[in-house]
Amino acid sequence: MGSVSAEYILGIDSSTSGTKACLWTLEGELAASGSSPHSVQRPHPGWAEQEASWDKALTEALDQLFSQTSIRPTEIAAVGITHQRHSFVPVDSSCRPLAPAILWNDVRCQAEIDFLAETIGKESLYQTTGIPPGPWSLAKILWLKGNRPDLFARTDKFLLVHDYLVYHLTGKLCTTESSASAMGCLDILDRRRWADSLLAALEIPLNKFVPSIYPAGTLLGRITPVAAKATGLKEGTPVIATAGDQVCGCLAAGLLRPDQVGVNSGTSLTFQTVTPEPTFDPDCHYILEISPLGCYAAETVVFSGVSDLCEWYRRVFAGLEEQQAELTGVSVWEIIFDETAAVPPGSDGLMVFPFFQGVQAPYWSNDARGMVIGLSTAHTRHHVARAILEGLAYEARRQIQLLESGTGNRIEEILLYGGGARNQLWCQLLASVTGRKVKASDQTEATALGAAMCAAWGIKRFPTLEEAVTSMGAPYELFLPDPALFAFYNRLYNEVYKVFYDRVQDLDALRTRLSSSL
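Quick note: the sequence shown uses the numbering used here, first residue 33, plus one each step.
Written out as structure tokens, the structure is:
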């Protein structure tokens, strides 16, 4: 690499809860950061919306960053943006929002999901886009078409979070292969064009989507004078194509080979493995996206992840631990997990099914809900905590097996990132339940780092993206399966967990119908 004056890469992560701006060295060290929160509105049950003020949040995050460092904007060599996937905003011809953004976790579109399955066909849609009918962007655009025809007609473009920010920074209307693939209407084989026949069949004009789709590492544009004045960034700084948040997070965790699975252990529990070609699952158990590496990423998800369910447990059960934490100055989580670790493996017969917000593969039910079996008067709240972690580990094993079955990959190691990666009890449980080694990243800003890796590669600081990942990747802690515990958990998984919901799925659906019948 030649000598350059700029030393830092700016990785931006515009997530559901906020925007973070992180400056990285080419060795992957976090030099400075700033953040600004987002709020989520839920005006009706199942809805999730957000004001598309992502550009203002980015400005605030950058203001905070520059106020805390002596690093100058002239030292920033490139910008990479990652983002919450599937979320989009309808805009007019001047890219002004016409309504709040509809977020990835909005599930108002069940009728449209059913419509896609019936009219296009589950298999046909999957083979065309890599994404089966589900609560993705396409179904929500159909919802707008049917329920807000006035808004649909006035919409010039449906912009992803990434596209909106790139426009505000560069004046360019474009997106990335990875970002576009998550919308559910990209031609997954062509990769750089929308599925025009599909959109025509649905009577959605092609010109309501951005005209240009680029692979990761591409120069999308440069910071404009207006954007430079608003953000403090240097005019002319290159903005490089990256990928969506989970894809970037897995990249930062080191996902480069088919024998690995990247796992985001955060609010949700997301699983990704890579495959050279688009290997479609015969049962549509996973979605296919475009990886920044140029290959494909197969992904499954558990909506209620470690952070989400642990926070629920803290809120509902951990009042005494909260008081103890205030009195002693010890973290409430340290107290909770010390107590949880004292519960024996198997939680004395207690088992939790973590379908607290519905379930994706293999059951595909938005109405499914979490279950607890084996509860007795001998159990304590600490048993519930351990059973939650064990249930998540069981479900992780099932999701990994679904990925293996469809892709043909033999996954040997789990690359863990997100909040759960710093929970040693969870990491060891995951290793012992799945029978695979776990590499837990200590990087707290993995998604922004993945965006920075793509940007550094895009401006030729590294000859390949793989080298950028290797050079900038964070250290990890290794957890190996305990053979005795694996044998113990293996029977519980195969003989109870894996088969139980099959036997009660119809009753769970009946419960949903009856409980909402008043």
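Note that beta-carbon positions come from the ideal geometry of N, C-alpha and C, so glycine has one too.
Model, not experiment: these values are computed from the prediction.
- No Cβ-Cβ contact shorter than 8 Å links Phe388 with Gly406.
- Collapsing the DSSP output to three states places Ser67 in a strand.
- Straight-line measurement puts the Cα of Val334 at about 24 Å from the Cα of Pro75.
- Taking 8 Å as the cut-off, the beta carbon of Lys471 is found closer than this to the beta carbon of Glu445.
- With respect to the 8 Å criterion, Cys486 and Thr274 are classified as neighbours on the basis of their beta carbons.
- One Cα belongs to Thr372, the other to Arg545, and the distance between them is close to 35 Å.
- With a cutoff of 8 Å on beta-carbon distance, Ser67 and Ala93 are scored as near each other.
- A direct Cα-Cα distance of roughly 25 Å separates Leu352 from Ala453.
- Taking C-alpha positions only, Lys204 is separated from Thr311 by approximately 33 Å.
- With contacts defined as CB atoms closer than 8 Å, Leu174 and Leu218 fail to qualify as a contacting pair.
- Selection Gly264, Gly153, Leu148, Lys172 evaluated against Leu135 yields Lys172 as nearest (Cα-Cα).
- In the three-state DSSP reduction, Leu42 falls in the strand class (E or B).
- Judged by DSSP in its simplified three-state form, Ser300 adopts coil rather than helix or strand.
- Sequence-distant Cβ neighbours of Tyr426 in its own chain, meaning closer than 7 Å and more than five residues away, are Val465, Tyr525, Tyr529.
- Note: Ser408 is not bridge-paired with any residue in the DSSP secondary-structure output.
- Rounded to the nearest whole angstrom, the C-alpha separation of Ser99 and Ala259 is 18 Å.
- Put simply, of Thr187, Asp87, Cys141 the residue whose alpha carbon is nearest the alpha carbon of Pro122 is Thr187.
- In the DSSP assignment, Ile491 falls outside any alpha helix (DSSP H), carrying neither H nor E.
- In the same chain as Val295, and ignoring 5 residues on each side of it, the C-beta atoms closer than 6 Å to its own belong to Phe303, Ile446, Leu448, in chain order.
- Per DSSP, reduced to three states, the secondary structure at Ile245 is strand.
- Bounds of the alpha helix (DSSP H) holding Gly281 are 277-285.
- DSSP lists Phe385 as the beta-bridge partner residues of Met403.
- Distances from the CA of Val531 to each of Cys280, Pro394, Val271 were compared; the closest alpha carbon is that of Pro394.
- Unbroken beta strand (DSSP E) stretches of 3 residues or longer found wholly inside the segment 201-259: 206-208, 244-246, 251-254, given in chain order.
- Sequence-distant partners of Thr160 (beyond 5 residues in either direction) whose C-beta falls short of 6 Å from its own C-beta, in its chain, are Ala227, Leu230.
- Going by DSSP, Gly351 is part of no beta strand (DSSP E) but of the alpha helix (DSSP H) stretching over 351-360.
- For Leu287, the CB contacts under 7 Å within the same chain, skipping 5 residues up- and downstream, are Gly294, Gln304, Val306, Leu447 in chain order.
- For Thr466, no pairing in a beta bridge is given by DSSP.
- Put simply, the backbone Cα of Arg468 is about 11 Å away from that of Arg442.
- Excluding five sequence positions before and after Arg223, the CB atoms of its chain that fall closer than 7 Å to its own CB belong to Glu209, Ile322, given in chain order.
- Separation of Ser336 and Pro257 (C-alpha to C-alpha, rounded to the nearest whole angstrom) is 43 Å.
- Within the same chain, Cβ atoms closer than 6 Å to the Cβ of Ala149 are found at Pro165, the five residues on either side in sequence being excluded.
- According to the DSSP assignment, Thr114 belongs to the beta strand (DSSP E) that extends over 108-115.
- By the 16-neighbour rule on beta-carbons within 10 angstroms, Gly78 is exposed.
- Unbroken alpha helix (DSSP H) runs of no fewer than 4 residues, entirely contained in the segment 125-178, are found at 142-148, 154-161, following chain order.
- DSSP, read as helix, strand or coil, puts Phe335 in coil.
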